[in-house]
Amino acid sequence: MKTKYYYILLAIFSMAIVSCQDYLEREPQDFLSEESYFNKPSDLELFVNKFYDSFDVTSDVGARSLYAKDRNSDDLIGPWEEENLLKGFKLVPSTAGGGVGDWRFRDIRECNYFIETVESRIETGLLDEQNLDVKHYRGENYFFRAWFYFNKLQSFGDFPIITTVLSDDTETLIEASKRQPRNEVARFILEDLDKAISMLQDNRSKNRINKSTAQLLASRVALFEGTWLKYHQGTARVPGGPNWPGAYLHPSFSFEAGSIQAESNFFLEKSMNYAQLVASNYSLSPDYRGMFISHNLAANPEVLLYKSYAIGSVLGHGATHYLQRTGAGIGLTRSLVESYLMKNGLPIYAAGSNYQGDGLLSDVVMDRDERLQYSVLSEGDIRIANPDGSKEFFTYPDLIGGNGWQGVTSGYQLEKWMSTDPKEAVSSTAGTTESPIFRAAEAYLNYMEASYERNGSLDGQALGYWKELRNRAQVDDDVQKTISNTDLSKERDLAVYSAGTLVDPALYNIRRERRNEFVAEGMRLMDMYRWRSFDTMDGYIVEGFNLWDDYYKNYDDELNEGDNVSLSPSNGGSKYVQPFRKSTSNRAYNGYTLPKAHYLSAVPLDEFTLTNSAGENGALYQNPGWSKTSAIPATE
């Protein structure tokens, strides 16, 4: 019976998509006619189950997998250029896409439908408000509404706040489509998460949302908005800023905290508080690598939420299939690799670091932060451990043996997420290693960053968290030694900047820690956008490993400069692989340049038509630097 109801709802939702006639995706009148549903806790569980698909996890194809998501930043290099980092190629869309961060309301509408229907069932006595299962699934729904809104906040900033299932009245729908200031959206998200926290339990399976997961998401949201307001202030990308496009709709706007600095501090303090709640209840796993190739994350002390995969079913993933057999179409950047510290706590360029250089991959990782050793393949690493006890070892990157999602891009091949079990590599759906979605290390890092951004110094709690992270990575926990030996002019990391200005070494090292901890977990672009660290990305050439000092000898005569590999120093190129400079026809041949408008996405063109906002001062406004004409690139 559960399955029957579940598929009835799926059919209703599918019909609703086809029937959508406007920007708020109005439902047919029979959407609320399923009276036999929402009458018991298991119905609520089935309804919210579909929302779990909105998380980025390891998938069957590289492009859809969490481990490849950071290719849209300066951390990983994918098979092709990323349009969000290219000037003139990212265009105003005609219609909204189907992603969780796109301008669409289906998921939000379904959450609102759940809230209204369940509250109605409680009022009529069909559901018991105090039943622990009812409370928990209500909490999950509030969590997911917050999750969906957070994705909209990251993409668009200002966004409509809709808390009810709207009627079919055109004027009502147009009024509801008005965008609200981004800080108010962020406050609304935190309110939803507080509701979730009050209802959720922590003694459930780690395959489901719990109270701590909601607290960690709240910390992430608050840190995001607090730092966004801090570093984007003085621009049209924050409410009340010069040329803010929402001024005509909100002529009396003011920050609830009184000023933009106070508003930023409000969020930073919230982030600290939520992070501390999580960190006080979860410890770090002693096995960093093991978290990403585990079949038992339920027992992992660090993991709050994870996805498991059915053995022998089509629901498996392809992480090891691609990573073990090929380069999976992604590779670490030179900038990322060089950001990792030596085990003695020194940057690679510092006197006494004992860095061995990058002539060999084994030299690159020698005596480095163990997160680097676990994240990039080097000579002697086991690729495959066969059942008969034999092993196959990594020797050198196969730059020309594949292409697309089965190729090697940078030469720094990703090892994180790759099992050595050959059974995991049989097919793109054979993988059964589990995917961590939320883990406690983020709470440690959120607290460190929020407290420093708020107070300008590291308190004892932040230092304690930092030392725990470094101890696990086998890095000297003398944080001050690292800070004192950091020369920002020698760092390749664009995160040394915010709004075109160098940050101080302590703050940069907090950012370094975050980068190194979360490699290939899909966090980098969000961080770089909120820090406003891409202002200096202008003609930025992404590079990989050192090919032309020694490794080129492994390829005999198979390397064709300007064809399947970038030019060598003898022909005017670099000794480091530059994947997007193989041909002058490549769109990123002259490097990545991020237009400032790209910090926010363009509102799709059809939204302006549907809300009668094609002209000036309509119900809907476009984001700064973007046009109300489709297929037009950003103007700044």
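With the first letter of the sequence shown counted as 1, position 606 gets the number 606 in full-length UniProt numbering; the numbers rise by one all the way through. Virtual Cβ for every residue (Gly too), placed ideally from N, Cα, C. Here the structure is a predicted model, which is why all the values come from computation and not from measurement.
Along the region 484-518, the alpha helix (DSSP H) occurs as fully enclosed runs of 4 or more residues at 505-517, listed in sequence order. If you check the CB distance, Q180 and F150 do not come in under 8 Å. Under DSSP, S435 shares a beta bridge with K307. Listed as beta-bridge partners of I77 by DSSP are G331. According to the DSSP secondary-structure assignment, H317 is paired through a beta bridge with G431. Put simply, of Y599, T611, T609 and E616 the residue whose alpha carbon is nearest the alpha carbon of K87 is Y599. In the DSSP secondary-structure assignment, E392 is bridged to I384. Taking a contact as a CB-CB distance under 8 Å, the pair Y248 and N623 does not count as one, their CB atoms being some 15 Å apart.
Classified as buried, T486 has 16 or more neighbouring CB atoms from the shown chains inside 10 Å of its CB. Distances from the CA of S613 to each of V185, K178, E129 and G327 were compared; the closest alpha carbon is that of K178. Straight-line spacing of the CA atoms in A262 and S583 works out to 50 Å. In the structure shown, V565 falls within a strand segment according to DSSP collapsed to helix, strand and coil.
The shortest C-alpha to C-alpha distance from D102 to any of V61, G125 and Q154 is the one to Q154.
As the crow flies, the alpha-carbon of P286 is around 16 Å from that of A443. Apart from sequence neighbours up to five positions away, the residues of its chain that approach S410 with a beta-carbon distance below 7 Å are I77, G331, L332, T333, G544, F545, V577 and P579, ordered along the chain. Taking a C-beta distance under 8 Å as the contact criterion, V134 and T629 do not qualify as a contact pair. Counting of Cβ neighbours within 10 angstroms places A196 among the buried residues, the total reaching 16 or more. For K90 and E82, the gap between their C-alpha atoms comes out near 9 Å. With respect to T320, G157 sits apart: the two C-beta atoms are not nearer than 8 Å. Distance check between L361 and each of G329, G327, P397 and D169 places P397 closest, using alpha-carbon atoms only. Fully enclosed alpha helix (DSSP H) runs of no fewer than 4 residues occupy 106-124, 132-156 and 170-176 of the region 104-192, in order along the chain.
With respect to the 8 Å criterion, N446 and Y306 are not classified as neighbours on the basis of their beta carbons. Distance between I293 and N49, taken at the CA atoms: about 25 Å. Looking at the backbone, the Cα of D527 and that of Y555 are separated by about 38 Å. If you ignore the 5 residues before and after S198, its C-beta comes within less than 8 Å of the C-beta of G139, all in its own chain and listed in chain order. In this chain, the alpha helix (DSSP H) harbouring R470 covers G460 to R472. Under a 10 Å Cβ-count criterion, E123 is classified as exposed, with fewer than 16 other Cβ atoms of the shown protein chains found around its own Cβ. Of the candidates E558, L605 and G460, the residue whose Cα lies closest to the Cα of A631 is L605. Within a 10 Å sphere around the beta-carbon of A298 sit fewer than 16 other beta-carbons, which makes this residue exposed. Secondary structure of M272 (DSSP, three-state): helix. Pairing Y412 with G327, the inter-Cα distance amounts to about 9 Å.
Boundaries of the alpha helix (DSSP H) harbouring L229: K211 to H232, taken from the DSSP string.
Taking P505 as the centre and dropping the five residues before and after it, the same chain places the C-beta of I483 and T486 closer than 6 Å to its C-beta, in chain order. In the DSSP assignment, R368 forms a beta bridge with M342. Here N571 is exposed: its Cβ has fewer than 16 other Cβ atoms, across all protein chains shown, within 10 Å. Per the Cβ contact rule, the region 371-378 is not in contact with the region 446-457 (fewer than 3 Cβ pairs under 8 Å).
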